[in-house]
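The structure appears below as structure tokens.
2 protein chains.
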Amino acid sequence: MTDKKTEILLTAEELFAEKGFDGTSVRDIAQHAGVNLAMISYYFGSKEKLLEALLEYRSDYTFSTLEELNKDQSLNPWDKIDRLVDFYVEKFINNNKVYNIISVQSSKLSSPEIKELITKMKLRNLDQIRKIIQDGQKKKFFRKVDIEFTMGSVMGTISQLTLSKNFYCSLMNIDKTDEEAYRKKVILRLKTHLKQLLRAHLDIRNEA
Amino acid sequence: MTDKKTEILLTAEELFAEKGFDGTSVRDIAQHAGVNLAMISYYFGSKEKLLEALLEYRSDYTFSTLEELNKDQSLNPWDKIDRLVDFYVEKFINNNKVYNIISVQSSKLSSPEIKELITKMKLRNLDQIRKIIQDGQKKKFFRKVDIEFTMGSVMGTISQLTLSKNFYCSLMNIDKTDEEAYRKKVILRLKTHLKQLLRAHLDIRNEA
DNA sequence: AAAAGTTAATTAAACGTTTGTTTAAATCAA
DNA sequence: TTGATTTAAACAAACGTTTAATTAACTTTT
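Protein sequences, first through last, are from chains A and B.
Read in order, the letters of the first sequence correspond to residues 3 to 210 in my numbering.
Read in order, the letters of the second sequence correspond to residues 3 to 210 in my numbering.
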């Protein structure tokens, strides 16, 4: 892909995640990416097509990571859960802000095509996660749980944290402008919490 | 409050929750509320002030509900957790769509005043929840957990469900347009999942 | 009680910006 | 010379907000 095209994509990702799809203008994107306004239409056709391209650009990596994790025979189910948490927390908080767009802003988008695209991506990824948990159940590590909603809890917890940055900064006495301090503190605490949560939730010894 | 003023507030709540703050125009609101466009500026001053008024209009009820739940001596800690789940699930899914705005869209808003207002509301509510959990810990029902992030998981799970309606409809084979079927199915399943999740997570017998 | 006066509510129209997108000319590379 | 980039300018449409005129609801005065 062209350098400029990629530059536009990454800038758009940044701005969409920060200010929302509607809250970001194509002029904003063009200016921050250092390209002419018309280049966006030239490359992508429209603002919505730009978002669509962004989603596709990011979707492949997640799926292949989950697929590999699923296939890995050297890890036991608990290890896989830990890896899963690490992966999603880091992706959400550090980079790939597109997750924010996918999990949060999709319902606000008008285009049915994009909604469909996101739904398909999610279903594809959930399939991999479902296999991981079902494998743990078969091996008698995990108890019977609502797999889909359990993943909803994981994703929900993380996006909650990324979305309510203001709130959690007040809570943890972190300077709102110190992005780095926030990340370090939140990532650690979030991983710890989620692993503790899932350990209790999934453990077969807690079977009702 | 005037009938029309309330009508505008409720319409705005509906539309903000559905299409986002930026995605909703004042003309939209005026039309759906059946009032003249200028009435919004006349009553509230601006679109942002309208949102501010909406938040204040909704914030009191939640707090007093939590406060009462906290004080209630007839319920044991587990009962209170169940009530908490019921309360939040129903509020999120059924009415009070403003929760969606608060928990999800606050980071996208430009106005620092509104961000501050939301943070204060959240802190105030969390205080009540913290007391409930700490009480359960003191009475040796609950183990030591990350209280703030545990609440993040509860809120996150619920908002995940309300936001990714498209996705979960595909998942549960529900007609996307059948709002009532979605609510019924989701509310029940969500309550069950969250209670199961919290029961394992909080139980002192699962202390590491 | 009727009329006059006063404030509040409501309206249609217009304001100046900003929006996403397109155009047609200019520049670049091969 | 040809085809792909890049540009500044312009487009119509939608945006939040304001204006000035009109109607409705009350108060006060006669």
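The beta carbon of each residue, even a glycine, is placed where N, CA and C say it ideally should be.
Please read these numbers as outputs of a predicted model, since none were measured by experiment.
query, result
"Stretch-stretch touch, CB-based, cutoff 8 Å, three pairs: the region 127–139 of chain A with the region 181–189 of chain B", "no"
"Simplified DSSP assignment, three categories, for Asp148/B", "coil"
"is_contact[Ala202/A, chain B] using C-beta, thresh 9 Å", "yes"
"Under 8 Å from the C-beta of Ser61/B: neighbouring residues of chain A", "Within chain A, no residue comes near Ser61/B; the closest Cβ sits about 14 Å away, beyond 8 Å."
"Bridge partner(s) assigned by DSSP for Asp205/A", "Phe144/A"
"Pick from Lys49/B, Glu9/B, Leu77/B that is closest to Phe23/B, judged by C-alpha positions", "Lys49/B"
"CA-to-CA distance, His195/B to Thr152/A, given in whole angstroms", "8 Å"
"Given 8 Å, three or more beta-carbon pairs between the region 76–89 of chain A and the region 25–36 of chain A", "no"
"Contacts around Lys93/B, its chain only, beta-carbon distance under 8 Å, and the 5 residues preceding and following it disregarded", "Thr64, Tyr101"
"Contact with chain A by Glu115/B, beta-carbon distance below 9 Å", "no"
"Contact set between Thr179/A and chain B, taken where Cβ atoms lie within less than 8 Å", "Neighbours of Thr179/A on chain B: none; closest Cβ ~12 Å, over 8 Å."
"Cβ neighbours of Arg85/A in the same chain (closer than 8 Å, five flanking residues each side left out)", "Leu71, Leu77"
"C-alpha gap between Asn168/B and His203/A, whole angstroms", "26 Å"
"Residue from Leu11/A, Val91/A, Val147/A with nearest C-alpha to Arg60/A", "Leu11/A"
"From Arg207/A, Phe143/A, Leu128/A, residue whose alpha carbon lies closest to that of Met157/A", "Leu128/A"
"Interface flag, His195/B vs chain A, CB-CB below 9 Å", "yes"
"Endpoints, the alpha helix (DSSP H) within which Thr13/B is located", "5–21"
"Beta carbon proximity, Gln75/A to chain B, threshold 9 Å", "no"
"Interface partners of Thr121/A on chain B, CB under 8 Å", "Asn168, Phe169, Ser172"
"Distance between Leu57/B and Ile42/B (C-alpha atoms, nearest Å)", "16 Å"
"Residue-chain proximity (Asn38/B, chain A), Cβ-Cβ < 9 Å", "no"
"Whether Glu9/B touches Gly36/B by CB criterion (9 Å)", "yes"
"Same chain, Cβ closer than 7 Å to Glu69/A, five either side skipped, listed in chain order", "Gln130"
"Beta-carbon proximity list for Lys178/A, same chain, < 6 Å, skipping 5 on both sides", "Cys171"
"Pairwise C-alpha distance: Lys122/B and Leu17/B", "24 Å"
"CA-to-CA distance, Asp180/B to Ile95/B, given in whole angstroms", "14 Å"
"Where Leu165/B falls, given that 16 or more other Cβ within 10 Å makes a residue buried", "buried"
"Within chain B, the residues that Thr159/A reaches when beta carbons sit closer than 8 Å", "Phe151, Gly154, Ser155, Gly158, Thr159"
"Same chain only: Cβ atoms within 8 Å of Val147/A, ignoring 5 sequence neighbours per side", "Ile135, His203, Leu204"
"Within chain A, partners of Leu86/B - CB distance below 7 Å", "Chain A residues near Leu86/B: none, gap ~15 Å exceeds 7 Å."
"Reduced DSSP secondary structure (H/G/I, E/B, other) of Gly47/A", "coil"
"Contact set between Lys140/B and chain A, taken where Cβ atoms lie within less than 9 Å", "Ordered by position in chain A, no residue passes the 9 Å Cβ test against Lys140/B, which lies about 20 Å from the chain."
"Interface flag, Asp205/B vs chain A, CB-CB below 9 Å", "yes"
"Contacts of Gln162/B in chain A (Cβ-Cβ under 8 Å)", "Ser105, Gly154, Ser155, Met157, Gly158, Ser161"
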